[in-house]
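Input: a single structure, listed below in structure tokens.
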Amino acid sequence: MADEVILLNFWPSPFGMRVKIALAEKGVEYEYKEENIREKSTLFLKSNPVQKKIPVLIHNGKPVCESLIIVEYIDEVWNEKSPLMPKDPYERAKARFWANFMEKKIHDSGSRILWKKGEAQDEGKKEFLDCLRLLQGELGEKPYFNGDTFGFVDISFIPFACLFYSYETCGNFSIEEECPKILAWVKRCMEKESVSKSLQDPQKIYELVGVFKKLNGIE
Ligand code: GS8
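Numbering follows this note's numbering, with no gaps: position 186 of the sequence shown is 186.
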């Protein structure tokens with residue numbers, strides 16, 4: 001019997017994009033269900049009753065939550081093609097460390113650039129750029145974070161590239177000037193179909209950021 005794979009997602013979510021990239025890397029066919037995160041469907045609430053957040057992957061009726069956990073799950077289940085995790089336990093531990101860094105540091109400081117003003121926004125911008133510089137050092141001269149092949153750390157980070165334009169515009173800075181190697185890595189990743197077809201248009205994301213800012217009285 002063929003696998004039944006369903007992805008519950010909200011289109012601008014960088015977390016959902018991680019899952020789309022992993023599924024594309026593995027060549028897994030799936031049903032895509034766009035969710036309204038304000039009016040959550042019964043399937044959505046039943047699938048992630050604890051966090052009530054997308055993305056959720058439902059594999060043969062069993063829900064898996066949290067994007068990085070979902071990406072690891074996909075790597076383990078569809079293990080014959082495009083390994084995403086390094087084989088060596090130490091390298092795997094390092095990959096998890098950096099993926100966690102995207103979650104805790106990049107997402108957090110980037111969100112402060114988008115949703116805060118004044119001093120709090122400036123602090124967010126400083127922390128975001130410090131994080132990018134750290135990541136640039138970690139990447140070094142390698143084509144991808146894992147080394148020669150695209151993998152787990154790249155997947156955890158690349159969806160944030162479609163927010164770069166919003167971060168730069170809201171925070172008034174240039175990633176190209178500050179961290180050119182990160183931008184070169186983004187371009188390299190975008191050459192992969194799994195990435196280019198999973199990421200959203202940065203301009204469309206920026207328009208949505210503007211809508212949320214207005215709704216929340218930030219500007
Ligand atoms: C984050 C998911 C998340 O924040 C992951 O899967 O990696 N750590 C989790 N999802 C948001 C949409 S994207 O900003 C969400 O579902 N929010 C709904 C809500 O907060 O009610």
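Cβ atoms here follow ideal geometry from the backbone N, Cα and C, with glycine treated the same way.
All values reported here derive from a predicted model rather than from experimental measurement.
Do residue i and the ligand GS8 come close, with the Cβ less than 7 Å from some heavy atom?
i	result
K192	no
P55	yes
S82	no
L129	no
K105	no
L68	yes
S109	no
K52	yes
F15	yes
I37	yes
F152	no
F164	no
F212	no
F101	no
How close, in whole Å, do the beta carbons of residue i and residue j come, if the pair is a contact with beta carbons under 8 Å?
i	j	result
F173	K214	Between K214 and F173 the Cβ distance is about 23 Å, and since that is not below 8 Å, they are no contact.
R18	V64	With 8 Å as the limit, R18 and V64 do not qualify as a contact, their Cβ atoms being about 13 Å apart.
M85	S156	With a Cβ gap of about 11 Å, M85 and S156 do not count as contacting.
D154	Y165	With a Cβ gap of about 20 Å, D154 and Y165 do not count as contacting.
E29	V5	7 Å
By a C-beta neighbour count over all protein chains shown, 10 Å radius and 16 as the cutoff for buried, is residue i buried or exposed?
i	result
P55	buried
E39	exposed
A95	buried
A22	buried
P89	exposed
L163	buried
N146	buried
A120	exposed
A161	buried
V50	exposed
F97	exposed
G110	buried
D148	exposed
Tell me the residue span of the alpha helix (DSSP H) that contains residue i.
i	result
P202	P202 to L215
P180	P180 to M190
V19	P14 to K26
E193	E193 to S196
P89	P89 to F101
Which one or two residues does DSSP pair with residue i in a beta bridge?
i	result
C65	V56
K33	L8
G147	Y144
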